[in-house]
Amino acid sequence: MLEIKNLHAKVNRKSILKGINLTIKEGEIHAVMGKNGSGKSTLSNIVTGKEGYNVTNGDIKFKNKSILEWSPEKRSLNGIFMSFQYPVVMPGVNNTYFLKAAVNAKRKHDGEKELDAASFLRIIKEKLKELKMDASYLQRAVNDGFSGGEKKRNEILQMLTLEPKLAILDETDSGLDIDALKIISDGVNRSRSSKRSFLVITHYQRLLKYIEPDVVHVLIDGKIVKSGDKDLALKLEEKGYGWLEK
Amino acid sequence: MRDSNYQSEFEKILARDYFSSKFNPLRKNAFKQFLDNGLSNKYWDNLRFTNLSVLKKNIFRISEASDSPPENFKYPEPIIKEKYKIVFYNGHYQKNLTTLPDSIKILTNLEYYSDPAKKVLQPSNSPFDLLNTAFMDSGMCLIIEKNIEINNPILLIFINSGEDQLMISPRIHIDLGKSSSIHLFEHHLGFQTGNFSNVTTFLSLKENSFLKHIRLQMDSSQAINSGNIHIEQDQNSKYYLSHFGQGSNLGSISLNSNLNGKGAECHLNSLSLTNGHQHLDANVLINHISSHCTSSQNFKTVLKDSSSGVFNGKVVVNKNAQKTDSTQSNKNILLSKKAKMNSNPQLVINADDVKCSHGSSTGEIDPDALFYLRSRGINETTAKSILIHGFISEILDTVNNHDIKSFIKSNFDKWIEN
Chain R
16 MLEIKNLHAK VNRKSILKGI NLTIKEGEIH AVMGKNGSGK STLSNIVTGK EGYNVTNGDI
76 KFKNKSILEW SPEKRSLNGI FMSFQYPVVM PGVNNTYFLK AAVNAKRKHD GEKELDAASF
136 LRIIKEKLKE LKMDASYLQR AVNDGFSGGE KKRNEILQML TLEPKLAILD ETDSGLDIDA
196 LKIISDGVNR SRSSKRSFLV ITHYQRLLKY IEPDVVHVLI DGKIVKSGDK DLALKLEEKG
256 YGWLEK
Chain C
44 MRDSNYQSEF EKILARDYFS SKFNPLRKNA FKQFLDNGLS NKYWDNLRFT NLSVLKKNIF
104 RISEASDSPP ENFKYPEPII KEKYKIVFYN GHYQKNLTTL PDSIKILTNL EYYSDPAKKV
164 LQPSNSPFDL LNTAFMDSGM CLIIEKNIEI NNPILLIFIN SGEDQLMISP RIHIDLGKSS
224 SIHLFEHHLG FQTGNFSNVT TFLSLKENSF LKHIRLQMDS SQAINSGNIH IEQDQNSKYY
284 LSHFGQGSNL GSISLNSNLN GKGAECHLNS LSLTNGHQHL DANVLINHIS SHCTSSQNFK
344 TVLKDSSSGV FNGKVVVNKN AQKTDSTQSN KNILLSKKAK MNSNPQLVIN ADDVKCSHGS
404 STGEIDPDAL FYLRSRGINE TTAKSILIHG FISEILDTVN NHDIKSFIKS NFDKWIEN
């Protein structure tokens, strides 16, 4: 599904990623753990196509095609999704309007008929229920006045609606209370399938209790220094990152 | 146009036998002030960033009786099938097209001043004000007695048309009686004309009255359009403005409000969209004179191409205006590297128990928001358009009349897509 090879990247001439190798197969959940500043968010931003990063070496392949030259919308339409660490507030942009535009862009790309307002609402209302979100959400502006938990739920709602092939969850657990964490993890777990892969980026092991990864990677100073199974996350929780640093 | 051209037009207006003994001394006084200070950006501080060269270069003549609508003139399909309307064509009042409820008294042209007790006001906040006093040649006064409530909007439409470049200087008075309420929809439309439309409006809001004022400026792309609005507000009166600037080559709106009575409220919302070499500016002066008054300013501009804009917003809180609550916000989006915006929010506070805030921001479309939308599969053009719609919706939403709102919206949608 996703193949990152020897990825080097700079931001403002400063090296952030120093040779990342990571392969995620169909249906797998990988977690990348690391401290602040280790390059976790840079990695997810580069995979989703955010501007401002200079890839100096290496490649990213998605379904065997190099995507480095693809626009963010092309990556999304082909099935890459990121749940933002800091979802953007957009006053005046209605949630329903935004989500419908996104869903229909995808349907158009896939050669399917665009949804009319009524069918869209039917689908979205079901997803809202799954995430225990109030229907008044539909009238509100995107993330405007949302609490931290509401913003993250909104990200997962978009994921459930867009049904990506690869979902990157960037620090989705930060700032969540235990109830919100459970609701979000349940949503993610229900959407697990043999066709869908996840890249879970997190600082803490907490989220991985609910979303069980197949592989855990440790990112330190722009490099993956260790990979293992889910027990590696527990070990990190217990011993911290110190034992893996030089 | 050069001073000599203004001078020759001024001689013509003096020669008109219409309240000349009452008006002419005032006209002369205003015209002298205009000539003394001219169109100097240095003298008029608010116009520091406004290019007034078209007012110097173009030659205008005053509107004559012959500038009335030709018999075959096709009025635009009633944009909104308003029940109540007042129509001006090149400054000429169109009696046959005007309909008003019985409870509103209208005095046309400058008949208002036939009452010897009525003083002719001579504001001097801008060269536009001075020119209006010097050249006032048309207009009307609406008198709404106390306790009258009119829910249908009253459409006040100014149509500018014809081949010649006319200087049109209407003077509008609206006297709103105690506890009365009206909705005014002022619409400026231009057809292939380079007119200089310079409307000065005096709004007098008596105790507990309510005026909702929508002003939509869609003058022609060669026109100069200036709206000079002066508001006097008594106790507990409320004034709400939703202003939309889209037309004209040089457009200016100036709003001067005196909050004279305790508890008065003045809420100003404005959205301007500029393109080409267009320049639109907004000048606000809110004077908190009494205590417990509220004022708000929410001004937005979206600028394309080589267009420019100015926001000068000033709030003055006088010594006795305790418990003043005032907010001021100016936000602008530049869609082109060549577009320019000058923003100048100011607060002068002379009382100690007040709540005042102001802020201003100008920049490109938020790149994070753009990336967020694109990361959801929405292409860049659509994403930009969604964000601009989001930006302007706050001001559009201040219009609660559904027909008027959708008319303005459909116009703006076209502007955004182009």
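Taken in sequence, the protein lines are chains R and C.
Number 261 marks the last residue of the first sequence (this note's numbering); no jumps.
Number 461 marks the last residue of the second sequence (this note's numbering); no jumps.
Just so you know, even glycine gets a beta-carbon here, dropped at the ideal spot from N, CA and C.
As the structure is a computational prediction, the values presented were derived from the model and not from experiment.
message: Need the endpoints of the beta strand (DSSP E) that Pro-213 of chain C sits in, please.
response: 213-219
- prompt: Does the beta carbon of Lys-166 of chain R come closer than 7 Å to any beta carbon on chain C?
  reply: no
- prompt: Going by beta carbon distance, what residues of the same chain come within less than 8 Å of Lys-189 of chain C, once the five residues before and after it are set aside?
  reply: Gly-220, Lys-221, Ser-222, Ser-223 and Lys-249
- request: Check each residue of the segment 64-88 of chain R: if its Cβ is closer than 9 Å to any Cβ of chain C, include it; give the result in chain order.
  value: Gly-64, Lys-65, Glu-66, Gly-67, Ser-86, Pro-87 and Glu-88
message: Is there a Cβ of chain C sitting closer than 7 Å to that of Lys-115 of chain R, yes or no?
response: no
field: Complete runs of the beta strand (DSSP E) confined to the segment 148-236 of chain R [at least 3 residues]
entry: 181-185, 212-217 and 230-235
message: For the ligand PLP, I want to know if Asn-79 of chain R counts as a neighbour, meaning its beta carbon is within less than 6 Å of at least one of the ligand's heavy atoms.
response: Ligands in the displayed structure: none, and consequently the ligand PLP is not present.
message: Please classify Lys-115 of chain R as buried or exposed, where buried requires at least 16 other C-beta atoms within 10 Å of its C-beta.
response: buried
task: Compare the C-beta of Gly-160 of chain R against all C-beta atoms of chain C and say whether one is closer than 7 Å.
output: no
task: Given a cut-off of 7 Å, decide if Val-108 of chain R and Ile-17 of chain C are closer than it, judged by their beta-carbon atoms.
output: For chain C, the structure presents residues 44 to 461; residue 17 of chain C sits outside this window and is missing.
field: Close-in-space but distant-in-sequence residues of the same chain around Glu-192 of chain C (CB under 7 Å, 5 per side omitted)
entry: Ser-223 and Ser-224
- request: Throw me the rounded Cβ distance for the Lys-255 of chain C and Gln-278 of chain C pair, which I believe falls under 8 Å.
  value: That belief does not hold up - the Cβ atoms of Lys-255 of chain C and Gln-278 of chain C are roughly 19 Å apart, past 8 Å.
message: Quick check on the DSSP output: what are the complete beta strand (DSSP E) runs of length 3 or more inside the segment 47-128 of chain C, in order along the chain?
response: none
field: Nearest residue (CA-CA) to Lys-366 of chain C, options C:Leu-413, C:Leu-302 and C:Ser-47
entry: C:Leu-302
task: Return no unless some Cβ of chain R is closer than 7 Å to the Cβ of Ile-429 of chain C.
output: yes
- request: Taking Leu-293 of chain C as the reference, give the member of C:Lys-99, C:Asn-175 and C:Lys-55 with the closest Cα.
  value: C:Lys-99
task: Can you tell me which of C:Phe-77, C:Ala-108 and C:Tyr-132 puts its alpha carbon nearest to the alpha carbon of Phe-171 of chain C?
output: C:Phe-77
field: Ser-285 of chain C - partner residues in DSSP beta bridges
entry: C:Ile-257 and C:Asn-312
query: Grouping DSSP H, G and I as helix and E and B as strand, with all else coil, what is Ala-325 of chain C?
result: strand
task: Measure the alpha-carbon distance for Arg-221 of chain R versus Leu-196 of chain R and round it to whole angstroms.
output: 9 Å
- prompt: Who are the neighbours of Phe-434 of chain C on chain R, taking C-beta pairs under 7 Å?
  reply: Gly-107
task: Give the interface partners of Val-103 of chain R over in chain C, defined as CB-CB distance under 7 Å, in chain order.
output: Asp-411, Ala-412 and Tyr-415
message: Please state whether the Cβ-Cβ distance between Leu-234 of chain R and Val-118 of chain R is less than 7 Å.
response: no
- prompt: How would you label Thr-71 of chain R, buried or exposed, when you count the other beta carbons within 10 angstroms and need 16 or more for buried?
  reply: exposed
- prompt: Looking at the C-beta of Lys-121 of chain R, does it have a partner C-beta in chain C at a distance below 7 Å?
  reply: yes
- prompt: From Ala-182 of chain R to Thr-111 of chain R, what distance separates their C-alpha atoms?
  reply: 22 Å
task: Tell me whether the beta-carbon of His-335 of chain C lies closer than 7 Å to the beta-carbon of Asn-299 of chain C.
output: no
Collapsed DSSP secondary structure at Pro-388 of chain C in the structure displayed: strand
Proximal residues of chain R, C-beta to C-beta of Thr-425 of chain C below 8 Å: Ala-116 and Ala-120
- prompt: Taking the C-alpha atoms as reference points, what is the distance between Lys-89 of chain R and Gln-173 of chain R?
  reply: 17 Å
Below-7 Å beta-carbon distance, Asn-444 of chain C vs any chain R residue: no
- prompt: Going by alpha carbons, who is nearest to Gln-389 of chain C out of C:Gln-340, C:Phe-414 and C:Ile-421?
  reply: C:Gln-340
- request: Could you name the residues of chain C that Leu-92 of chain R contacts, counting a contact when the two beta carbons are closer than 8 Å?
  value: Gly-420
task: Output the boundary residues of the beta strand (DSSP E) element that contains His-231 of chain C.
output: 224-234
task: Could you tell me which chain R residues have their CB closer than 8 Å to the CB of Glu-437 of chain C, listed as they occur along the chain?
output: Pro-106 and Gly-107
- prompt: Tell me, which residues are paired with Gln-340 of chain C by DSSP?
  reply: C:Leu-311 and C:Gln-371
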